[in-house]
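Throughout the sequence shown, residue numbering follows my numbering, covering 3 to 186 in sequence.
The beta-carbon is built from N, C-alpha and C at its ideal position, and this holds for glycine as well.
Just so it is clear, the structure is predicted and the values come from calculations on it, not from any experiment.
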Amino acid sequence: LTPSDFDYSGNLFSEEAPAGGLPAKQINVRVALLNQSGWTYDLLSESWLRFVDDALVETAGQLHPAIDRLTGRQLKFDNVIVVFAEHDVISPTNMDIHFELGDSGYAFLFRNGQKYNVRWSLKARDYEKVTGRPRPIYFVDASGNQMPLKPGNTWIFVATPYSLVTDEGDNVWQVRYIPPEGAK
C-alpha cells in the first residue's frame, strides 16, 4: 500500500465524553531521571497541555511548557493515551515494539479531564476482512464496544507491560515507564 491508499478511518470520535471515567487533572510521566514529561488538563481549552523537562541533572523533574516552535504556542492534545505493548530489545537503545496485525492490549485513555480503562486493538474487523487492507490502532471498552476519542489531536505514549500507572491522589496520575531487561 502507498500512503495515499491507506485508510486512516476506523476510530470512533465524539465531542461528548463517555460515562465511567475517573477524574484526572494531571498526568506525570517518568521514563528516567532526565526524561520526564506531563500534561495538565486545561478547562478553558478543554485539552491537555504538554510539559517537558530539559534533560539536565540540575533541573531534573522540573517541567516547563512544551512550545511549538512554529506557532510559539504550548502544545495541547485532546486525547492522551497510554498503551502497553511488549518490547523486544534489539540493542540497549533500540527496541522492537509489538504492534502486529491481530495484536491487542491494555491502555488508558485520558480525555475531557477523565481517565478511562480501555484496550487497544489491531484485530481485523469487517472492513479489514473484506478489503484485505489494514487500518490504524483502535480502542475499545471492557465490553468490546469502540471507545470514542475526542475529535482533535491525540498523543500516544507506548509503555511496556511492566510499566505502572498509579493514582497519586487529587486527580493526579503517575506513569512510570519500566524498560525491558537489556534496555537503557
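task: Take Val54 as the anchor and find which of Val120, Leu36 and Leu45 has the nearest alpha-carbon.
output: Here residue 54 is taken as the residue at index 52 of the sequence shown, counted from 1. Comparing Cα positions, the closest option is Leu36.
field: Exposed unless 16 or more other CB atoms sit within 10 angstroms - verdict on Asp56
entry: Position 54 of the sequence shown, counted from the start, is the residue given in the question as residue 56. That one is exposed.
- request: Report the rounded CA-to-CA distance for Ser93 versus Val33, giving the unit in angstroms.
  value: Position 91 of the sequence shown, counted from the first residue, corresponds to residue 93. Position 31 of the sequence shown, counted from the first residue, corresponds to residue 33. Going from the Cα of Ser93 to the Cα of Val33 covers about 18 Å.
message: Going by the DSSP bridge assignment, what does Val33 pair with across the sheet?
response: Numbered from its first residue, the sequence shown carries residue 33 at position 31. Looking at the DSSP assignment, Val33 forms no beta bridge with any residue, so it has no partner.
message: Please classify Leu72 as buried or exposed, where buried requires at least 16 neighbouring CB atoms within 10 angstroms.
response: Mapped onto the sequence shown, residue 72 falls at position 70. Looking at its Cβ environment, which holds fewer than 16 other Cβ atoms inside 10 Å, Leu72 is exposed.
task: Out of Pro182, Leu151 and Ile139, state which residue places its alpha-carbon closest to the alpha-carbon of His9.
output: For the purposes of this step, residue 9 is identified with residue 7 of the sequence shown, where counting begins at 1. Contrary to the premise, residue 9 reads as Asp rather than His in this sequence. Selected option, being the one with the closest Cα: Ile139.
- request: Kindly list the residues whose CB is nearer than 6 Å to the CB of Gln148, restricted to its own chain and excluding five residues on each side of it in sequence; keep chain order.
  value: Along the sequence shown, read from residue 1 onward, the residue named residue 148 stands at position 146. The answer, listed in chain order, is Leu14 and Val142.
Spatial distance of Tyr129 from Arg135 (CA atoms): Position 127 of the sequence shown, counting from 1, holds the residue named residue 129. Position 133 of the sequence shown, counting from 1, holds the residue named residue 135. Using only the alpha carbons, I get a separation of about 8 Å.
- request: Using three-state DSSP, classify Lys186 as helix, strand or coil.
  value: Taking the sequence shown and counting its residues from 1, one reaches residue 186 at position 184. Of the three classes helix, strand and coil, the one that applies to Lys186 here is coil, per DSSP.
field: Which listed residue (Val132, Phe112 and Pro67) has its alpha carbon closest to that of Ile158
entry: Here the question's residue 158 lines up with position 156 in the sequence shown. Closest by alpha carbon: Phe112.
Rounded separation between Gly1 and Val174 - CA only: Lying outside 3 to 186, the shown extent of the chain, residue 1 is not represented and no answer is given.
field: Residues sharing a beta bridge with Val167, DSSP
entry: The residue given as residue 167 occupies position 165 in the sequence shown. Bridge partners of Val167: Val177.
query: Out of curiosity, what's the CA-to-CA distance linking Arg52 and Asp169?
result: Position 50 of the sequence shown holds residue 52. Position 167 of the sequence shown holds residue 169. Approximately 19 Å between the Cα atoms of the pair.
message: Short of 8 Å in beta carbon distance, which residues of its chain neighbour Ala262, apart from the five on each side in sequence? Order them along the chain.
response: Past the boundaries of the shown model lies residue 262; the chain is included only from 3 to 186, so the question cannot be answered.
- prompt: Hey, Trp50 and Phe79: beta-carbon distance below 8 Å or not?
  reply: As a first step, residue 50 must be located in the sequence shown, where it is residue number 48. As a first step, residue 79 must be located in the sequence shown, where it is residue number 77. It is a contact, given that the beta carbons lie within the stated cut-off.
field: Of the residues Pro67, Ala68, Glu18 and Val59, the one placed nearest Glu48, counting alpha carbons only
entry: Indexing the sequence shown from 1 puts residue 48 at position 46. That would be Glu18, whose Cα lies nearest to the Cα of Glu48.
query: Roughly how many angstroms lie between the CA atoms of Val84 and Lys125, to the nearest whole one?
result: Indexing the sequence shown from 1 puts residue 84 at position 82. Indexing the sequence shown from 1 puts residue 125 at position 123. The straight-line gap from Cα to Cα measures roughly 18 Å.
field: Spatial distance of Asn119 from Ser39 (CA atoms)
entry: Counting from 1 along the sequence shown, the entry for residue 119 is found at position 117. Counting from 1 along the sequence shown, the entry for residue 39 is found at position 37. The straight-line gap from Cα to Cα measures roughly 21 Å.
- request: Note down, in chain order, each residue of its chain lying with its Cβ closer than 8 Å to the Cβ of Thr61, except the 5 sequence neighbours on either side.
  value: For this step, residue 61 is matched to residue 59 along the sequence shown. Counting only Cβ-Cβ distances below 8 Å, and skipping sequence neighbours, we find Asp55.
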